[in-house]
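Structure first, then comments.
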Amino acid sequence: MEEETEMSVSRMNRVYYAARDGMAITLYAMLNDNEPEYSNKLISQVSSSVLCLNVKQSKVWGTCLPMKSLRVWLPAKIICVGVSKQRSLKIKPRDLFFKVLQEDGQCCSPFIVAARFGHNKVVKMLLDKFTLDIEQEGRVKFDGYIIEGASALWCAAGVGHLNVVKTLVKAGANVNHPTKTNSTPVRAACFDGRLDIVKYLTDHSANIHIANKHNNTCLMIAAYKGHLDIVSFLLENGADPNEQAQYGETALHFAAECGHCTIVKELLKHGSKMTKNAKNMSPLISAAERARADVVDCLIEHEDVSKEDMIEAYELLGASFANDKDHYCLQKAYTYLHKAMALRYSDPNNIIKKVPGEPIAAYENWREAETVQRLEIIKNNHNAIHMESLTIRERILGRQNPDVPQPVIYRGAVFADNARFDRCIDLWLHALNLRQMNNMSISKDLLRFAQVFSQMIHVGVELKFLQVLNVLEASVVELGRNKKKLIEPEPKEDSDQSVSEEIESNITITLYILTILTKLMTLNEKGYDETDIKRAHHLVHKLCALQVTLKDGQTLLHLAVNADTPVDDFHTNDVCKFPCAATAKLLIQCGADVNAMDNERNTPLHVIVQYEKPISDFMTLHSIILDLVEAGAHMDTVNSQGKTPFDAATTGVAEIILRTQTKLSLKCMAAKAVKAYNLLYCGNVPRSLESFIELHGPGLNQG
Numbered sequence: 001m002e003e004e005t006e007m008s009v010s011r012m013n014r015v016y017y018a019a020r021d022g023m024a025i026t027l028y029a030m031l032n033d034n035e036p037e038y039s040n041k042l043i044s045q046v047s048s049s050v051l052c053l054n055v056k057q058s059k060v061w062g063t064c065l066p067m068k069s070l071r072v073w074l075p076a077k078i079i080c081v082g083v084s085k086q087r088s089l090k091i092k093p094r095d096l097f098f099k100v101l102q103e104d105g106q107c108c109s110p111f112i113v114a115a116r117f118g119h120n121k122v123v124k125m126l127l128d129k130f131t132l133d134i135e136q137e138g139r140v141k142f143d144g145y146i147i148e149g150a151s152a153l154w155c156a157a158g159v160g161h162l163n164v165v166k167t168l169v170k171a172g173a174n175v176n177h178p179t180k181t182n183s184t185p186v187r188a189a190c191f192d193g194r195l196d197i198v199k200y201l202t203d204h205s206a207n208i209h210i211a212n213k214h215n216n217t218c219l220m221i222a223a224y225k226g227h228l229d230i231v232s233f234l235l236e237n238g239a240d241p242n243e244q245a246q247y248g249e250t251a252l253h254f255a256a257e258c259g260h261c262t263i264v265k266e267l268l269k270h271g272s273k274m275t276k277n278a279k280n281m282s283p284l285i286s287a288a289e290r291a292r293a294d295v296v297d298c299l300i301e302h303e304d305v306s307k308e309d310m311i312e313a314y315e316l317l318g319a320s321f322a323n324d325k326d327h328y329c330l331q332k333a334y335t336y337l338h339k340a341m342a343l344r345y346s347d348p349n350n351i352i353k354k355v356p357g358e359p360i361a362a363y364e365n366w367r368e369a370e371t372v373q374r375l376e377i378i379k380n381n382h383n384a385i386h387m388e389s390l391t392i393r394e395r396i397l398g399r400q401n402p403d404v405p406q407p408v409i410y411r412g413a414v415f416a417d418n419a420r421f422d423r424c425i426d427l428w429l430h431a432l433n434l435r436q437m438n439n440m441s442i443s444k445d446l447l448r449f450a451q452v453f454s455q456m457i458h459v460g461v462e463l464k465f466l467q468v469l470n471v472l473e474a475s476v477v478e479l480g481r482n483k484k485k486l487i488e489p490e491p492k493e494d495s496d497q498s499v500s501e502e503i504e505s506n507i508t509i510t511l512y513i514l515t516i517l518t519k520l521m522t523l524n525e526k527g528y529d530e531t532d533i534k535r536a537h538h539l540v541h542k543l544c545a546l547q548v549t550l551k552d553g554q555t556l557l558h559l560a561v562n563a564d565t566p567v568d569d570f571h572t573n574d575v576c577k578f579p580c581a582a583t584a585k586l587l588i589q590c591g592a593d594v595n596a597m598d599n600e601r602n603t604p605l606h607v608i609v610q611y612e613k614p615i616s617d618f619m620t621l622h623s624i625i626l627d628l629v630e631a632g633a634h635m636d637t638v639n640s641q642g643k644t645p646f647d648a649a650t651t652g653v654a655e656i657i658l659r660t661q662t663k664l665s666l667k668c669m670a671a672k673a674v675k676a677y678n679l680l681y682c683g684n685v686p687r688s689l690e691s692f693i694e695l696h697g698p699g700l701n702q703g
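So for the sequence shown, UniProt numbering puts the first residue at 1; every next one is plus one.
Pasting the structure below:
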């Protein structure tokens, strides 16, 4: 039976790769040897009855089995492509319409993969000789993005295989078959810049007006990618240049921010308006924010642009040149700032005076220049131009604009590279506050702080306790938001997986921040202000109360005592090493559950006794075990393998330390007996005792 199954799986693999590599004759020979019904199943897929096979790792989608344990009948739960829930299925592999799951996340049938790689002979042969569903869907990767629900026609159009597109359309493929995000084949061709395919599909009834789930149209994607010929074709065929995407952007916004000046002119020629998007940005302001000088010069002549609009655009353009990583140029920055100021005073009878915003501490409380003379004074002062520009950007764009923080971060990074850590932290804290105020992810910001804090400690530069506390507070808020997203998913594009990955990252980074905090406490012999220490303990207590865990169930305390906890290698690993006794102690003092279990029922005590450096790092091992036990860690808690911490200990030193702490209570002995004999206890003992009994054995949880 096993040999028969392995032959069937092997045949599936050979069919798939023959189709992928364009081996039409070989593929036909393999398929022609089987009964027609079986061959049809080998090259296609229907509905949700799909078995995804990872050829190299022998993985069944949703299940991981060694090849030799794979039986003809699989009672295991299989997550089927196109199905949102697990289904219990009994299936024969040879009766499945199958797809192959590749290491990069793609999952599609031989028919789709042949179209994806442009093998027209294979596609024709499969269509002519066998019966298959031409509208079958798969998961493919394009331009770094995973596309769910892609048809063979979508794949061929997206990669630019005109011959395959023609073959599929002639065979009756739906020219408007959308992906899960409502992207059509013609949209895919617009993205790739294939006018020939766009024309062919349009000639065969493709609808160029269908937008994707974000209301991005074919015209918008062509304008964004810079395909002038396609933009012209779409406009000539009735595409609306003033259609707005989900957040108010038009095709003109996309062309302007990407610097496609010729497309901007083409759109204007066809009546594109200077509409503002949800961020209150016109195409002119979008171009200025991205330092697209050519586009600004083009749009500035538009009849809808007032003198005030011109001034604002030139100010923002100059400010962007001063703090843009990719377009940094102080000469251009000053030129456009001066041009804007000159415009303010160009009419002596109608001077347009600047209305500066409130000074911002992170920008050294900089006051903007309000006259040409004042601006000329700071012409050769680089720092002054930088601060002037950051202040201008925040005034024009507003604190709610998500584009404001990035140049602030860039300027801070430049300061860090020049060992001006004080200025770096001021700017990064401001950017952090802006992001968090606007509900933007701060995961990367937190990691940057962990890195620069570690670098400062490592090289001996003073790090302020309050600065670390501010970052810790932000991380606690962020983890709270992450947890809420997992419990109450928002109706937007964030998937459960992306939220889960973000919370994993934030938990680990927060652990770094905690460790850095304990290093400061250790390094400062004089101690810190009692108010600051109380604030630190309060924040850590709030953090522990969140009870956030990794996917494997590890809490912050587990991670703090685990030698396998990953540490970022850019400066962070110079300071953060695990297990860390000080970090564990801080967590324990602030209410971390010393008996919390991971998915394998390991408590922090189970983890630390497996530390492999009991001699060279004896004090860490000894200190953590004592702190855990004194805080109430149970010595007789068993993990999923039925092992107590003593049983799990990997060194004699750990065993000796545990022996000196062993104090088995009558209560623990009774709980162990209940578990050992699998006695019914739920409902027969006080509810407060049920969780206590559960700690003492891996038997059935009667709760």
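We put the beta carbon where it would ideally sit given N, CA and C, even for glycine.
So, are the CB atoms of residue i and residue j less than 8 Å apart?
i, j, result
"Tyr512", "Thr572", "yes"
"Glu394", "Gly357", "yes"
"Asn216", "Asn176", "no"
"Glu137", "Ala150", "yes"
"Val540", "Leu514", "yes"
"Thr555", "Asp593", "yes"
"Ala340", "Leu330", "no"
"Asp192", "Gly158", "yes"
"Leu299", "Leu284", "yes"
"His430", "Ala362", "yes"
"Tyr200", "Leu162", "yes"
"Val499", "Asn524", "no"
"Cys580", "Ala563", "no"
Of all the options the options, which has the alpha carbon lying nearest to the alpha carbon of residue i?
i, options, result
"Ser232", "Lys265, Asn207 and His253", "Lys265"
"Ala648", "Ile197, Thr620, His634 and Leu605", "Leu605"
"Asp532", "Leu31, Tyr17 and Leu466", "Leu466"
"Leu132", "Gly193, Asn349 and Ile112", "Ile112"
"Ala251", "Ala278, Asn602, Ala474 and Ala223", "Ala223"
"Gln373", "Asp564, Tyr334, Val408 and Ala362", "Tyr334"
"Leu267", "Glu243, Val123, Asn13 and Ile285", "Glu243"
"Phe453", "Lys444, Val468, Asn439 and Met440", "Val468"
"Ala293", "Lys276, Tyr328 and Lys279", "Tyr328"
"Pro185", "Ala171, Lys170 and Ile210", "Ile210"
"Leu543", "Ser306, Gln589 and Thr275", "Gln589"
"Cys576", "Gln451, Ser282 and Ser623", "Gln451"
"Thr651", "Leu626, Leu679, Ile625 and Pro614", "Pro614"
"Phe578", "Cys218, Lys551, Thr620 and Asp552", "Thr620"
Classify residue i as helix, strand or coil using the three-state DSSP reduction.
i, result
"Ser49", "Note that Ser49 scores a pLDDT of 31, beneath 50, so its modelled location is shaky and nothing firm can be said."
"Gly318", "helix"
"Met7", "Confidence at Met7 is low in this model, with a pLDDT of 42, below 50, so the placement of that residue should be treated as unreliable; the coordinate-derived value is given next. If DSSP states are grouped into helix, strand and coil, Met7 belongs with the helices."
"Gly160", "coil"
"Asp95", "The predicted position of Asp95 is uncertain, since its pLDDT is 32 and thus under 50; a value taken from the coordinates is nonetheless stated next. If DSSP states are grouped into helix, strand and coil, Asp95 belongs with the helices."
"Cys218", "helix"
"Cys261", "helix"
"Cys298", "helix"
"Trp154", "helix"
"Val459", "helix"
"Gly82", "In this prediction, Gly82 scores a pLDDT of 33, lower than 50, which makes its location untrustworthy; the coordinate-derived value is nonetheless stated afterwards. It is coil, neither helix nor strand."
"Ala278", "coil"
"Asn595", "coil"
"Asn349", "coil"
Which partner residues of residue i appear in the DSSP bridge assignment?
i, result
"Ala19", "According to DSSP, Ala19 bridges with nothing at all."
"Ile147", "Val140"
Could you tell me the alpha carbon to alpha carbon distance between residue i and residue j, rounded to whole angstroms?
i, j, result
"Leu397", "Glu376", "24 Å"
"Ile442", "Ile25", "54 Å"
"His386", "Glu478", "30 Å"
"Ser69", "Ala596", "Residue placement at Ser69 is poorly supported in this model, since its pLDDT is 32, which falls under 50; the coordinates are not used for a value here."
"Pro566", "Val404", "32 Å"
"Glu473", "Gln436", "11 Å"
"Lys485", "Leu432", "20 Å"
"Trp154", "Lys213", "16 Å"
"Ile147", "Asn599", "32 Å"
"Asn13", "Asn439", "46 Å"
Between residue i and chain D, is the shortest Cβ-Cβ distance under 8 Å, so that the two count as touching?
i, result
"Gly318", "Absent here is chain D; the protein component of the structure consists of one chain."
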